[in-house]
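Asks: This is the structure, below, for whatever I ask next.
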Amino acid sequence: EPPGFLSGLNIVISAGPTREPLDPVRYITNRSSGKMGYALADAALSAGANVTLISGPVNLAVQAGAKLIPVETALQMYDAVMTHCPTADIYIGAAAVADYRPQQLAECKIKKGSDTSNIALVKNPDIIAAVAGLQPKPLVVGFAAETDDLENYAKNKLQTKNLDLIAANWVGQAEGGFESDRNALQVFWPGGQQILPMTDKHTLAAQLLKLIAEKLHEKNPV
Ligand code: C5P
179 EPPGFLSGLN IVISAGPTRE PLDPVRYITN RSSGKMGYAL ADAALSAGAN
229 VTLISGPVNL AVQAGAKLIP VETALQMYDA VMTHCPTADI YIGAAAVADY
279 RPQQLAECKI KKGSDTSNIA LVKNPDIIAA VAGLQPKPLV VGFAAETDDL
329 ENYAKNKLQT KNLDLIAANW VGQAEGGFES DRNALQVFWP GGQQILPMTD
379 KHTLAAQLLK LIAEKLHEKN PV
């Protein structure tokens, strides 16, 4: 693809898992390597974008030139995303945000006692839905990782979260998904869809960004 097809655009990408602490030594998290989000950040930089990468804890490096904002919890990710999205042209929510956080954060390590125990959880804010509610809003791109009924769940999220595009992938399959270097995506937007077949996450990231650039040009014709 031509270099610089995102030249001058501000892209905010969230990546990786969030970590929701229970006490000083324990947390609840999601399985996410962050690879897809970091590949998108690298590909967006190569395409000339100004990239802000808001990342949960991962073991990855991003190309020089990206503005990296490290966060841990969903609430911290929410704050960072909402700070940076009012000036963004594109928001890509590639993070595996924990749906719930423990209601209480214990100051000291929780001790074992009875044979069963419960953790009270409270819902985290839906970050991408909040971005999609901004006025004006950036082009909003979500991900949907599903173990079943991919198309229905993805289309439902597209609509209920008011997204412009959703990239859906199967998880728990032989190839692709979480820790893999490869993935395939089925991309949906209002009124259309496209399959991006199994390939390495860097190639896939560039292909997805091309599609995102097309949607942005349809939204803001010059
Ligand atoms: O509803 P579900 O979590 O499957 O939706 C996935 C999409 O929503 C992803 O783009 C994810 O980053 C985003 N999300 C979010 N905030 C949440 C939960 C999910 O931004 N609390």
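FYI, the numbering for the sequence shown is 179 to 400, going by the UniProt record's numbering.
Each residue gets a CB set at the ideal place from its N, CA and C atoms; glycine is no exception.
Quick caveat: nothing in here was measured; it's all calculated off a predicted structure.
Mind listing, in chain order, the residues whose beta carbon lies closer than 5 Å to a non-hydrogen atom of the ligand C5P?
Replies: Per the Cβ criterion, the list is Gly271, Ala273, Val275, Asn302, Asp304, Ile305, Ile306, Gly320, Phe321.
Asks: Kindly indicate which residue of Asp257, Pro280, Ala332 has the alpha-carbon position closest to the one of Val249.
Replies: The residue given as residue 249 occupies position 71 in the sequence shown. Of the candidates Asp257, Pro280, Ala332, the one whose C-alpha sits nearest the C-alpha of Val249 is Asp257.
Asks: Report yes if the C-beta distance between Ile390 and Ile268 is below 8 Å; otherwise report no.
Replies: The residue you call residue 390 lines up with position 212 of the sequence shown. The residue you call residue 268 lines up with position 90 of the sequence shown. For Ile390 and Ile268, yes; Cβs fall inside 8 Å.
Asks: Could you say if the region 273-282 and the region 186-202 meet the contact criterion of at least three C-beta pairs nearer than 8 Å?
Replies: Yes, the region 273-282 touches the region 186-202.
Asks: Taking its Cβ as the centre, do 16 or more other Cβ atoms sit within 10 Å of His395, making it buried, or is it exposed?
Replies: In the sequence shown, the residue the question calls residue 395 occupies position 217. Looking at its Cβ environment, which holds fewer than 16 other Cβ atoms inside 10 Å, His395 is exposed.
Asks: Have a look at the DSSP bridge pairing and note the partners of Val190.
Replies: Numbered from 1 along the sequence shown, position 12 holds the residue referred to as residue 190. Paired residues: Thr230, Tyr269.
Asks: By a C-beta neighbour count over all protein chains shown, 10 Å radius and 16 as the cutoff for buried, is Asn296 buried or exposed?
Replies: As a working note, residue 296 is residue 118 in the sequence shown. Flag for Asn296 reads exposed.
Asks: Spatial neighbours of Leu363 within its chain, please: C-beta separation below 6 Å, excluding the five flanking residues on both sides.
Replies: The residue labelled residue 363 in the question sits at position 185 within the sequence shown. Counting only Cβ-Cβ distances below 6 Å, and skipping sequence neighbours, we find Ala345, Asn347, Leu374.
Asks: If you drop the 5 nearest sequence neighbours on each side, which residues of the same chain put their C-beta closer than 8 Å to that of Asn208?
Replies: Here residue 208 refers to the residue found at position 30 of the sequence shown. The answer, listed in chain order, is Pro195, Thr196, Ala274, Val275, Ala276.
Asks: Using the Cα positions of Ser210 and Gly291, report the straight-line distance between them to the nearest angstrom.
Replies: Position 32 of the sequence shown, counted from the start, is the residue given in the question as residue 210. Position 113 of the sequence shown, counted from the start, is the residue given in the question as residue 291. C-alpha separation (whole angstroms): 31 Å.
Asks: Report the option in Val229, Asp359, Ala323 whose CA atom is closest to the CA atom of Gly350.
Replies: In the sequence shown, the residue the question calls residue 350 occupies position 172. Minimum Cα distance to Gly350 is reached at Ala323.
Asks: Leaving aside the five residues before and after Val318 along the sequence, list all residues of the same chain whose C-beta is less than 7 Å from its C-beta, in chain order.
Replies: Translated into positions along the sequence shown, residue 318 becomes position 140. Excluding positions up to five away in sequence, the list reads Tyr269, Ile306, Val309, Ala310, Leu341, Asp342.
Asks: Just to confirm before moving on: does the CB-CB distance between Ala242 and Ile189 stay below 8 Å?
Replies: Translated into positions along the sequence shown, residue 242 becomes position 64. Translated into positions along the sequence shown, residue 189 becomes position 11. No, these two residues do not count as a Cβ contact at 8 Å.
Asks: With a cut-off of 8 Å on the beta carbons, I'd call Asn302 and Tyr278 a contact; round off their distance for me.
Replies: Translated into positions along the sequence shown, residue 302 becomes position 124. Translated into positions along the sequence shown, residue 278 becomes position 100. Right, their Cβ atoms sit about 6 Å apart.
Asks: Are the beta-carbon atoms of Ala244 and Ala383 separated by less than 8 Å?
Replies: Taking the sequence shown and counting its residues from 1, the one referred to as residue 244 is at position 66. Taking the sequence shown and counting its residues from 1, the one referred to as residue 383 is at position 205. Result no, Cβ atoms of Ala244 and Ala383 do not sit closer than 8 Å.
Asks: If you run the structure through DSSP and keep just helix, strand and coil, what is Ala362?
Replies: Position 184 of the sequence shown, counting from 1, holds the residue named residue 362. Strand at Ala362.
Asks: Between Val240 and Ala219, is the Cβ-Cβ spacing less than 8 Å?
Replies: In the sequence shown, the residue the question calls residue 240 occupies position 62. In the sequence shown, the residue the question calls residue 219 occupies position 41. For Val240 and Ala219, yes; Cβs fall inside 8 Å.
Asks: At what residues does the beta strand (DSSP E) containing Ile373 begin and finish?
Replies: Position 195 of the sequence shown, counted from the first residue, corresponds to residue 373. Taken as a continuous stretch (DSSP letters only), the beta strand (DSSP E) holding Ile373 covers 370-378.
Asks: For the putative contact between Gly212 and Ala193, defined by C-beta atoms under 8 Å, what is the C-beta separation to the nearest angstrom?
Replies: Position 34 of the sequence shown holds residue 212. Position 15 of the sequence shown holds residue 193. Indeed, because the Cβ distance is near 5 Å, the residues count as touching under 8 Å.
Asks: Please report how far the alpha carbon of Ala266 lies from the alpha carbon of Lys397, in whole angstroms.
Replies: Residue mapping note: residue 266 aligns to position 88 of the sequence shown, counting from 1. Residue mapping note: residue 397 aligns to position 219 of the sequence shown, counting from 1. Rounded to whole angstroms, Ala266 to Lys397 spans 14 Å at the Cα level.
Asks: Might you give, ordered along the chain, the residues of its own chain that have their beta carbon closer than 6 Å to the beta carbon of Ile247, omitting 5 neighbours on each side?
Replies: The residue labelled residue 247 in the question sits at position 69 within the sequence shown. Answer for Ile247: Ile232, Ala258, listed in chain order.
Asks: Count the other CB atoms, across all protein chains shown, that sit within 10 Å of the CB of Ala352; report buried if there are 16 or more and exposed otherwise.
Replies: For the purposes of this step, residue 352 is taken as residue 174 along the sequence shown, with counting starting at 1. Label assigned to Ala352: exposed.
Asks: Taking a contact to mean a Cβ-Cβ separation below 8 Å, would you say His262 touches Thr230 in this structure?
Replies: Taking the first residue of the sequence shown as position 1, residue 262 is located at position 84. Taking the first residue of the sequence shown as position 1, residue 230 is located at position 52. Yes; because the gap between Cβ atoms is below 8 Å, this pair is in contact.
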